[in-house]
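**Student:**
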Amino acid sequence: MDFYRKHVKSDCESLLGRFQQTQSVRFEVFSNIWKEMKFVQIFSGKPTHKKRAFCRLVLDIAYCYFLPPFSFQIRVGGLYLLYSFYHCQTASTSEQLQIRVALKDWEDVKNFEKDAMDAQHLDVVYILKQLMICKAFQFTAMPTLLLYRTKRNEEKPMLCEQFIERASCPQELINTQLLEEMSNIYELYKNMKTNIISQITAPTNTSVNLIRKDIVSQLCSTVMEFYNWQQGRDIFDEHKNIYERTSSQQECSNRAMLLASIKSKAYGEASEASKSRRHRQVETNLTTQEDGSFLKERHSRVMKQSLRNRTDKQIHMLVWVRKP
Amino acid sequence: MVPGLRPDDASVFVAENMAASKQPTEPNSSIPEYEFVNVNTKPFHIGSFRDEWLKRLQPRDVSFQPVDQDTFEASFAAEMGLGEETMAELRSVCSVDSLRCHSEDQQPDPKVVPTNSTLKTVTQRKKKQEIKTSEKSSKNRHELYANELDRLTVGRVPETEDDMIPEGEVILTINIYFPGNFEKFNYVRPHMTLLMTGSHTLAELRDAICCVSDLQVCGEFSSTPDMAPDFISKDIFKSAFFFFEGVFYNDMRYPECQDISSTTIKWTKSQNFPSFSQAKMEDTRFMDLKVKVGFPYLYCHQGDCEHLVIITDVRLVHKGDCLDRKLYPLLTHKNRVLTQKCAVCHVFISRWYTTRDQFAPSDPCLFCDKCFRMLHYDKEGNKLGEFLAYPYVDRGAFN
């Protein structure tokens, strides 16, 4: 079932990407995209004995988009996704799977609800409350079942960068109140210092200058610069995307070609054995691929056919050979 | 001294402000957190976990009674200050019908994979289906029936009110793995999955675990075949323990039970291990345990038959679960094992294992009860010929 994980994820991300572009949080907009993509087909054609596991996978993936660090709009999209999956998963209500909510995420859910209420997003609040009253949520310890899987076969799943909330920590930390307090403290400190120094040593002694001058104004300007850069990057990104993509692609492919050519030279020609081991010459493998495809991962496990299949095969071959 | 400025002023001012902007206190240990992401959590107390959830929820959120749609809409409209028109619009926009991708009369068959879809999942599924139909692969019966037990019990409601699981109860999903001495699936594949409630004791979990080593009979019984069932290991060696988070929970219900964990504890004292403690299995409920979810623990019985135990899930009970208390501990999954059949009839599962048997085609040889008696004993039950016979418990005896 993990096989479908990355495909389901990419489908969800394409839907949420479209939703993000509309710059709206209305359910109507979401349901139009859902209908356009015929998203309900994600459940079609699943054999009965695999349905439950697939529905569990789909709900778990949608749940991630409902929580931070994604932006508010993406979280609304995640909520709509959960609502849609929950109702479309199966025809019979007895087989419906619930949405698992972990205890550690409950505060985020409540904050989300509060934000939606304050902004008067009626459809968001309505859908969230509707899910609560029709018992769609299961209150659990952790979001997924944990089976002590220490072997990580795939890489860590990457969060889609475009969906993540813009970092606002610098602005939150360096707020006006803090700046005021800092400047007060700085004034006090400066006064104390000048009073003490003028009494003890010459004023030009630099050993007591431990703090930057104008630290407060510098902090303020740095944060403003960061904020402006963030804003500018969003707009700049869109224009630069197309240009960047092609140029970076070219760079990547150039580099890949270079690596491939070096490697093929190294592995294609076998090194000559030393004179003492001339009786054991190295054999060249004439079937090495010289394009860049061997840079990709190879399946190291070979599937062995069952004894029955191998016997059948051999019998068929024998029969075929024996035919006049 | 500098006039007009006390040196304490600044430091007090700084200290006060630092205290005000201090980060919130250390994290609440009853809220489960990952110790290793997607692997296991840190230890938490199950009873406190339940209390934390109940603190945050309204009684109607945990109740099994569904809330009436009209009541909900009326209270929602009142809370948000909406008129009837807005409410009606909201209702129609957010209804499930607005997600319908195909018109009423053109509903496609949900069992068929659609051909032209923009979704990657669907195209992959189609590809897989095509590969499967081209190759002739045998049906994987394990997969086909994996959900069978679950489907039988989900949503079952008891007849009487007393047998109903109370609202707000905790349900734990526990995986018991094959014992260490099993050749295949060592510690990897769960043998059975059990659902337990928080009020169950560990002794009840022990009783629900079926392991064939409990049924083993030791000894040679060729002269007295009828006495074999009297010597089942389960009745003779009754001691067992669970090991969770540094505590050994021993089964002390019967006078024959011994504390088999004491040897391990004595040994660990001589090595540099943290000290372990002991408790009674029958007095400990799941609600009182402090455990990690997803972390392997141990169940040991028959002296050396050890099973891994992993608690995979802890959650509050939901109206869609099986609510009949009498059905718990509930078996939701059982891994079935290939069984050895009798060498004579190839129909029944073998129950006797003979060696140095002059009647048998091989040494050793397996027989079912009927064939064994027909071949080795006469009508009066006298032993014919020379052989040694041992009772055999097939690994799949609990299938």
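Note that the protein sequences, when read in sequence, are chains A and B. Mapped onto numbering that gives the first Met the number 0, the consecutive letters of the first sequence carry residue numbers 0 to 323. Mapped onto numbering that gives the first Met the number 0, the consecutive letters of the second sequence carry residue numbers 0 to 398. Even for Gly, the Cβ is constructed at its ideal location relative to N, Cα and C.
Which residues in the same chain have their Cβ closer than 8 angstroms to the Cβ of D393 (chain B), if we skip the five residues on either side of it in sequence?
**Tutor:** V211, T338, Q339, I348, S349 and R350
**Student:** Counting only C-beta atoms, is H332 (chain B) closer than 7 angstroms to chain A at any point?
**Tutor:** no
**Student:** Compare the C-beta of A140 (chain A) with all C-beta atoms of chain B and state if any pair is closer than 7 angstroms.
**Tutor:** yes
**Student:** Going by Cα to Cα distance, which pick from A:Q198, A:T193, A:E186 and A:M191 is closest to D213 (chain A)?
**Tutor:** A:E186
**Student:** Along the beta strand (DSSP E) that carries K150 (chain A), what are the first and last residues, could you check?
**Tutor:** From DSSP, K150 (chain A) is part of no beta strand (DSSP E); its letter is neither H nor E.
**Student:** Measuring straight from C-alpha to C-alpha, what distance separates E255 (chain B) and C209 (chain B)?
**Tutor:** 20 angstroms
**Student:** Could you list which residues in chain A have their beta carbon closer than 7 angstroms to that of V292 (chain B), in chain order?
**Tutor:** Near V292 (chain B) (Cβ distances below 7 angstroms), the residues of chain A are A140, M141 and L145.
**Student:** Going by DSSP in three states, S116 (chain B) sits in which element: helix, strand or coil?
**Tutor:** coil
**Student:** Out of A:T175, A:S30, A:L15 and A:H86, which has the shortest C-alpha to C-alpha gap to Q97 (chain A)?
**Tutor:** Nearest of A:T175, A:S30, A:L15 and A:H86 to Q97 (chain A), Cα basis: A:H86.
**Student:** Mind listing which residues of the region 92-121 of chain B have their C-beta closer than 9 angstroms to chain A's C-betas, in chain order?
**Tutor:** Listed in sequence order: V92, C93, V95, S97, L98, R99, C100, H101, P107, D108, P109, K110, V111, V112, P113, S116, T117, L118, K119, T120 and V121.
**Student:** Strictly below 8 angstroms CB to CB, what residues from chain B border G44 (chain A)?
**Tutor:** P109, K110, V111, V112, P113, V121, R124, K125 and Q128
**Student:** Would a C-beta distance cut-off of 7 angstroms place G197 (chain B) and F294 (chain B) closer than the cut-off?
**Tutor:** no
**Student:** So, with DSSP's three-state summary, where would you put I173 (chain B)?
**Tutor:** strand
**Student:** From F136 (chain A) to Y389 (chain B), what distance separates their C-alpha atoms?
**Tutor:** 54 angstroms
**Student:** Determine, using beta carbons only, whether W228 (chain A) comes closer than 7 angstroms to chain B.
**Tutor:** no
**Student:** 7 angstroms is my cut-off, CB to CB: does Q22 (chain B) come that close to chain A?
**Tutor:** Annotation note: pLDDT 48 at Q22 (chain B) (below 50); position unreliable, coordinate value reported separately. Not one chain A Cβ lies under 7 angstroms of Q22 (chain B).
**Student:** Looking at chain A, is there any beta carbon in it that lies within less than 7 angstroms of the beta carbon of D312 (chain B)?
**Tutor:** yes
**Student:** Do you know how far the Cα of K291 (chain B) is from the Cα of Q217 (chain A)?
**Tutor:** Within the model, the alpha-carbon separation for Q217 (chain A) versus K291 (chain B) is close to 48 angstroms.
**Student:** Under the DSSP definition of a beta bridge, which residues are partnered with A52 (chain A)?
**Tutor:** For A52 (chain A), which the question treats as bridged, DSSP gives no partner whatsoever.
**Student:** Let me check understanding here. Comparing Cα to Cα, which of A:M141, A:N190 and A:V222 lies closest to L178 (chain A)?
**Tutor:** A:V222
**Student:** State the Cα-Cα distance for the pair R307 (chain A) and A396 (chain B), rounded to the nearest angstrom.
**Tutor:** 27 angstroms
**Student:** Tell whether a beta-carbon distance below 7 angstroms holds between L194 (chain B) and I170 (chain B).
**Tutor:** yes
**Student:** Going by the CB atoms, is the gap between A239 (chain B) and H317 (chain B) shorter than 7 angstroms?
**Tutor:** no
**Student:** Tell me which residues share the same chain as L329 (chain B) and place their Cβ nearer than 7 angstroms to its Cβ, disregarding the 5 neighbours each side in the sequence.
**Tutor:** Excluding sequence neighbours, L329 (chain B) sits near T152, L193, L194 and C321.
**Student:** In the DSSP assignment, what are the bridge partners of I309 (chain B)?
**Tutor:** B:N174 and B:P295
**Student:** Using DSSP's beta-bridge definition, name the partner residues of N39 (chain B).
**Tutor:** B:F35
**Student:** Which residue from A:L144, A:D59 and A:K128 puts its Cα closest to that of T70 (chain B)?
**Tutor:** A:K128
**Student:** Return the residue from the list B:N37, B:V38, B:I45 and B:V36 that minimises the CA-CA distance to I30 (chain B).
**Tutor:** B:I45
**Student:** Whole angstroms are fine: how far does the CA of I309 (chain B) sit from the CA of T149 (chain A)?
**Tutor:** 14 angstroms
**Student:** Taking the alpha carbon of V124 (chain A) as the point to measure from, which residue in B:L374, B:E78, B:Q57 and B:S133 has its own alpha carbon closest?
**Tutor:** B:E78
**Student:** State the DSSP-derived secondary structure class of A272 (chain A), mapped to helix, strand or coil.
**Tutor:** The predicted position of A272 (chain A) is uncertain, since its pLDDT is 48 and thus under 50; a value taken from the coordinates is nonetheless stated next. Three-state result, A272 (chain A): coil.
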